[in-house]
Structures are given as structure tokens and as C-alpha cells.
């Protein structure tokens, strides 16, 4: 892969490492979202050390969701593992830092549940078929870190002297390549995506729903956003554009709302205002899967109106005629949904 220039954005290398010791003071985690439009394979990898959550057992928690050709999805909910400054893992998922803010490696080998993608939007899954999934992916970061100026993940509490830096949340866009194997078939994959890293005290603000969208185009430009809807009714939305090596932060002026669960074909319009410039992009979902019920299972519990769930949709975007691919992460309560579900 082509070497990338320094992408730290002025952050210290220690910010892109993991705190190697567990503590009651904060949560730490990293999520990775990768899309290969050529093969139709995409990856959602979420790995958190929930040290600061009351009632947790201190184990690392991983969610792996891999969209496969033929409309299938392979899923794993994994625990265990450990973390050092440069490696973070559950029993089967491994994040390895190769070079801070520039290169990461993501590996998995273990059992997965295999099911049709649409089924994750209709019910809680309790009878999936079983399979074994292996992948090995190398990612190069190609934009500097972006953080929203205000975020529900940030901590206002003063930091203790013996704690690692608590910085809230940041995102980088990446290009990746590697291999994935399932059912004895090995495929090469390559594409674009994004990664985020969060290190903050347990967040007290309850989120009713949210949007994360980050998209990298072949030309190298990118855009992204974070919109959070709090239980109090407040909503905040921040974004950025990246062009000609310059990342310009801004605000979200508009994003299409959603309250139905469908497999694909949703349109989403985004309007950002960055340094006085209005940027409009239009996206369409290529697939849509639910990662979890919010209580540890697969699918959406449509019988529980208070259940909060999270979905991921691979998306194709047009920005001034140029096509790019990304992932639309979003959450919602079942009570907010309308037919068809």
C-alpha cells in the first residue's frame, strides 16, 4: 500500500494508543467501518473496554458484523481478551497499531452466526446457522483526525493526575486491503472506510438516536458528520470536509430523518456549512443491517417499544458528480418506528 504522510493532526502518538491498564475512571474503545464496493463485502468492527460502566465485568466487548455476497451477514458478539498500548483484543478480534495515526491491522478468526441481512431488521435472531470467519486487513489513514467541537462523549470532569489523557472522540478516514475467508472461500478485498477512537469517562447524557456518516472519495476528498439526539430533545450536529489536504470543520444544516426499517434503497440528503461554504451530498443505502438489540442479541426487538437498536447501511454517495462509498451508522428507539418495519 502507498505510504501516507503524517496524519496525526498535531495529536500526540499516545492519543492513538490504548491505555494499557483498566480503570474505573473511563471507557475506551475503537470502532472500524470498511466497505469494498467491488465485492459487496463490508466490515463493522466495534471493540470497547467498558471499565467505567457500573455492573460490567471488566471484559472487553466486541461486535463483528461482515456483509457478504449474496445478501448474507456474518455476526459475532465476542468478549475476553486484553489490551496493551498497541494491541487491543477480544477472544477472536485483534486491533494492532502498526504506526500511530497512519497504519492499523485488523484480524479475526472464530465462529460466527450467518443469516440473511434483512432478517436482522425484522426480529431478534435466535436460530442462525453457524460458520467460521477469518479476515486479515491492513488500513492506511488518509485524513487527519476530526473531532466535533462539542460531543456527548466528552468529559467535563477534571482528569486525575495518574490517568491517561481523556480526549473524548476522534475520527479518521482510511483506505484498506486484505483477505476474508468463509465457508472455505478466500476473497481479496479493498476499499475505503473510517475508524474512531474514544476515551472518556462514562457518559451521563442519554442518547435517543444518532447519525455517524464518513465518506472517502477516490479523488481523496472526504466529508463526515456526527449528529446526536438526546433524550432531553436537544440535538447537535457537526461535520467537516477534507479537500486538497485541508480539513475544514463545520456544522450540519440538514440531514434526512428516518423512522422506517427497510433493506436498501433509502435516500439521505446532507447539507454541511463549512467556513461559509455550503456543501450538499446525496446518498443511497445499498444494504441495511441491525448490529444488536441494545441488550446483546442480534436483530431488532420490535415487541419492545423502549428498546434502542443500532443499524449500519453501506451507502453510495454523489458529491458534485463524484461517487464515493461509506457507512451510515444510526440508532433509534423502536417506539419511533413507523411501518413498514
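Residue numbers (the working numbering): -12 to 328. Every residue gets a Cβ at the ideal spot worked out from N, C-alpha and C, and that includes glycine.
Can you look up residue i in the DSSP assignment and give me helix, strand or coil?
i           : result
residue 259 : strand
residue 123 : strand
residue 213 : strand
residue 301 : strand
residue 322 : helix
residue 104 : helix
residue 23  : strand
residue 2   : helix
residue 198 : strand
residue -6  : coil
residue 245 : coil
residue 268 : strand
residue 52  : strand
residue 225 : strand
residue 178 : strand
residue 287 : coil
residue 92  : strand
residue 13  : coil
residue 158 : strand
residue 34  : strand
Please state whether the Cβ-Cβ distance between residue i and residue j is less than 8 Å.
i           : j           : result
residue 95  : residue 122 : yes
residue 101 : residue 61  : yes
residue 13  : residue 75  : no
residue 320 : residue 196 : yes
residue 172 : residue 163 : no
residue 124 : residue 157 : no
residue 136 : residue 236 : yes
residue 300 : residue 274 : yes
residue 228 : residue 266 : yes
residue 170 : residue 224 : no
residue 324 : residue 268 : no
Please report the Cβ distance between residue i and residue j, rounded to the nearest whole angstrom; I am assuming they are in contact, meaning their Cβ atoms lie under 8 Å.
i           : j           : result
residue 311 : residue 202 : 5 Å
residue 91  : residue 182 : 7 Å
residue 252 : residue 132 : That pair is no contact at about 33 Å.
residue 37  : residue 18  : Rounded, the Cβ-Cβ distance is 14 Å, inconsistent with contact.
residue 298 : residue 270 : About 14 Å separates the two Cβ atoms, so there is no contact after all.
residue 130 : residue 234 : 6 Å
residue 80  : residue 99  : Between residue 99 and residue 80 the Cβ distance is about 11 Å, and since that is not below 8 Å, they are no contact.
residue 26  : residue 174 : 6 Å
Look at the alpha carbon of residue i and the alpha carbon of residue j, and state the distance between them as a whole number of angstroms.
i           : j           : result
residue 28  : residue 35  : 23 Å
residue 89  : residue 3   : 10 Å
residue 286 : residue 246 : 16 Å
residue 87  : residue 264 : 32 Å
residue 290 : residue 110 : 9 Å
residue 103 : residue 295 : 21 Å
residue 249 : residue 276 : 9 Å
residue 187 : residue 216 : 19 Å
residue -7  : residue 1   : 15 Å
residue 53  : residue 231 : 32 Å
residue 199 : residue 116 : 30 Å
residue 138 : residue 238 : With a pLDDT of 49 at residue 138, under the threshold of 50, the modelled position of this residue cannot be trusted; read the value that follows with caution. When rounded, the distance between both Cα atoms is 13 Å.
residue 84  : residue 255 : 34 Å
residue 113 : residue 64  : 13 Å
residue 317 : residue 77  : 24 Å
residue 50  : residue 180 : 17 Å
residue 261 : residue 30  : 30 Å
residue 257 : residue 313 : 14 Å
residue 278 : residue 288 : 12 Å
On the CB-based measure, 16 or more other CB atoms within 10 Å of its CB, does residue i come out buried or exposed?
i           : result
residue 15  : buried
residue 166 : exposed
residue 322 : exposed
residue 308 : exposed
residue 127 : buried
residue 241 : exposed
residue 7   : exposed
residue 243 : exposed
residue 211 : buried
residue 134 : buried
residue 226 : buried
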